[in-house]
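The block underneath contains the structure these notes are about, expressed in structure tokens.
Protein chains in written order, with the UniProt record's numbering: chain A, 1 to 390; chain B, 1 to 173.
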């Protein structure tokens, strides 16, 4: 319905009257509209609809430019089960052109509309309308008056102008992104060769151990290692997902055990994700794969465990790292300092604020801390309510 | 008016945040209960308006710049109401009566005083009870009349007293 325009029921130059029908209802897609029982006039350029009697008087009517009509067919009335006497024809419409004259409906989700003829229909109607569309008489029409001309002149003012600006920017961004990815895929292609090359070199080193000194071998190997994991587990290496995740989990435990020990036994999953992908360099892991692999850790009896806090934060922690210990240490720190915020604890222990907060919350859950919420933020104190007897 | 003796919790900042941990919260609310009742007992105030409560020293410790949020006050008052130590006076629960003795305890106090003074089967005014010379040493001396009416109504239920004259006079049995 949004292709309709308000127009005066007057023929413009070069436009000719073709056929008229009475008692016509308009449907937007399959939905009834308030435009019922009107008159339809088909001209060489437009399809006009108006209340009975309005068209001869030259009043304002609804006008559908025929250039929007892609295809016309007669509805084979299965939906009405033969009860309704009215005949319907379906008009399939193309996108409304920008700069369209406003009509009765601004936006419609349907790309077709229906005309329902309550009082029957001249059997030639569909044929005539199809012929008119094919002849495209409106194209010979003086171009100054057609809205398509208007679309060439860029409108800068108003919401339409802004919207158009946004659209153009998006288009440009789209293009530059796809160009960027082209480069990236080239790089990925090259990277495979690079990895192969380095593998070959390390192979050769192994074979001809005697030719170069021990020292040089070690140094070269460390170069290779600093490039990342020398043989990352990739999906293509495995047939079944499960096996892939199992291997991935093993590798995770392998490379993460040390860094996690270093940061105090716990690492947020986001940090894990960054570290792993940095180490892998090119064969990047998706977050889903990482999580799947983390779920495998426990089954495989590896030294790391995936843990989800009540707040929803996920971390990897050492199996040996237990809540009781955390609570004990945090409670001690609280006694030491008198009170702590997550930020302070994070600084003290060199962990992330998020994890520090989880530690404090865990301590609170075990009844060893209590909170003080004020305008200065959330601060934790030793739980004197339970500890102090009076 | 006697000075209120603030407990140690009063200068402990977490006291002014309703705790999340169950056991801790129980202890905290118990501390608040006894503080509120003591405070009202000492100041002899019986009415607490939640809209103004945050301005009183009871809920606002200016020394450590902490005050109990409104939800906290309501939580504790509702807990007091459960044990009969408080009662809301309006539907919005803005105004509360605080009973540091429950109405039953008060009723017992008044009734035993009446027995001691030999005022059984006699008529006396409410003014005599709350402000008379006879009751000068009693705890209910100077008590809010509205609360006294409620106390006597409690006695009425157990057929130990009868109010008349638009709650101005009372007869004990």
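Every residue gets a Cβ at the ideal spot worked out from N, C-alpha and C, and that includes glycine.
| Item | Value |
| --- | --- |
| Got a sec: is the Cβ-Cβ distance from residue 311 of chain A to anything in chain B below 8 Å? | no |
| Are the beta-carbon atoms of residue 365 of chain A and residue 21 of chain B separated by less than 8 Å? | yes |
| Using a Cβ-Cβ cutoff of 8 Å, what residues of the segment 355–378 of chain A are near chain B? List them in chain order. | 364, 365, 367, 370, 371, 372, 373, 374 |
| Between B/145, B/135, B/34, B/141, which has its C-alpha nearest residue 79 of chain B's C-alpha? | B/34 |
| Alpha carbon to alpha carbon, how far is residue 56 of chain A from residue 469 of chain A? Give it in angstroms, no decimals. | There is no way to answer for residue 469 of chain A, as the model of chain A reaches only from 1 to 390. |
| Does the beta-carbon of residue 114 of chain B have 16 or more other beta-carbons within 10 angstroms, so that it is buried, or is it exposed? | buried |
| Whose CA, out of A/377, A/371, A/376, lies closest to the CA of residue 383 of chain A? | A/371 |
| Could you give the C-beta distance for residue 89 of chain A and residue 118 of chain A, rounded to a whole number, given that I count them as a contact under 8 Å? | Actually they do not touch by this definition, with Cβ atoms about 13 Å apart. |
| Can you pull the DSSP bridge partners for residue 393 of chain A? | No answer is possible for residue 393 of chain A: it lies beyond the span of chain A, which begins at 1 and ends at 390. |
| Considering only the alpha carbon of each residue, which of A/374, A/379, A/327, A/350 lies closest to residue 367 of chain A? | A/327 |
| Tell me the DSSP secondary structure of residue 147 of chain B in three-state form. | helix |
| What residues in the segment 3–15 of chain B have a beta carbon less than 9 Å from any beta carbon of chain A? | 7, 8, 9, 12, 13, 14, 15 |
| Taking the alpha-carbon of residue 38 of chain B as reference, which of B/171, B/51, B/108, B/101 has the nearest alpha-carbon? | B/101 |
| How many Å lie between residue 12 of chain A and residue 46 of chain A at the Cα? | 10 Å |
| Which two residues bound the contiguous beta strand (DSSP E) that contains residue 65 of chain A? | 60–65 |
| Let me know the beta strand (DSSP E) ranges lying completely inside the segment 36–98 of chain B, each 3 residues or longer, listed in chain order. | 47–49, 86–88, 95–98 |
| Buried or exposed: which applies to residue 350 of chain A, given that a residue is buried once 16 or more other Cβ atoms fall within 10 Å of its Cβ? | exposed |
| Using a cut-off of 8 Å between C-beta atoms, extract the partners of residue 334 of chain A located in chain B. | The contacting residues do not exist; residue 334 of chain A stays about 11 Å from chain B at best. |
| Comparing the C-beta of residue 381 of chain A with each C-beta of chain B, is any distance below 8 Å? | yes |
| Could you check which residue in A/63, A/91, A/61 has the C-alpha nearest to that of residue 73 of chain A? | A/91 |
| Considering only C-alpha positions, which residue in the set A/178, A/377, A/289, A/338 is nearest to residue 269 of chain A? | A/289 |
| At the 8 Å Cβ level, is residue 269 of chain A part of the contact set with chain B, yes or no? | no |
| Listed in chain order, which residues of the segment 20–52 of chain B have Cβ atoms closer than 8 Å to some Cβ of chain A? | 20, 21, 23, 24, 27, 28, 31 |
| Can you name, in chain order, every residue of its own chain whose Cβ lies under 7 Å from the Cβ of residue 106 of chain A, other than the five neighbours on each side? | 2 |
| Residues in its own chain within less than 8 Å of residue 125 of chain B by CB, not counting five upstream and five downstream? | 168, 169, 170 |
| Let me know if residue 112 of chain B comes out buried or exposed under the rule of 16 or more other beta-carbons within 10 Å of its beta-carbon. | exposed |
| May I have the straight-line CA-CA distance separating residue 116 of chain A from residue 159 of chain A, to the nearest angstrom? | 36 Å |
| Closest to residue 472 of chain A by CA distance: which of A/388, A/30, A/23, A/249 is it? | With chain A covering 1 to 390 only, the question about residue 472 of chain A has no answer from this structure. |
| Note down the Cα distance separating residue 17 of chain A from residue 108 of chain A, rounded to an integer number of angstroms. | 29 Å |
| DSSP on residue 11 of chain A, reduced to helix/strand/coil? | coil |
| Thinking just about the alpha-carbon of each residue, which of B/28, B/56, B/135, B/173 is nearest to the one in residue 388 of chain A? | B/28 |
| Between which two residues does the beta strand (DSSP E) harbouring residue 267 of chain A extend? | 266–268 |
| Would you mind reading off the limits of the beta strand (DSSP E) that contains residue 117 of chain A? | 112–117 |
| Under the rule that 16 or more other beta-carbon atoms within 10 Å means buried, what is residue 294 of chain A, buried or exposed? | buried |
| Look at the alpha carbon of residue 259 of chain A and the alpha carbon of residue 278 of chain A, and state the distance between them as a whole number of angstroms. | 14 Å |
| Is there a Cβ from chain A that is less than 8 Å from the Cβ of residue 95 of chain B? | no |
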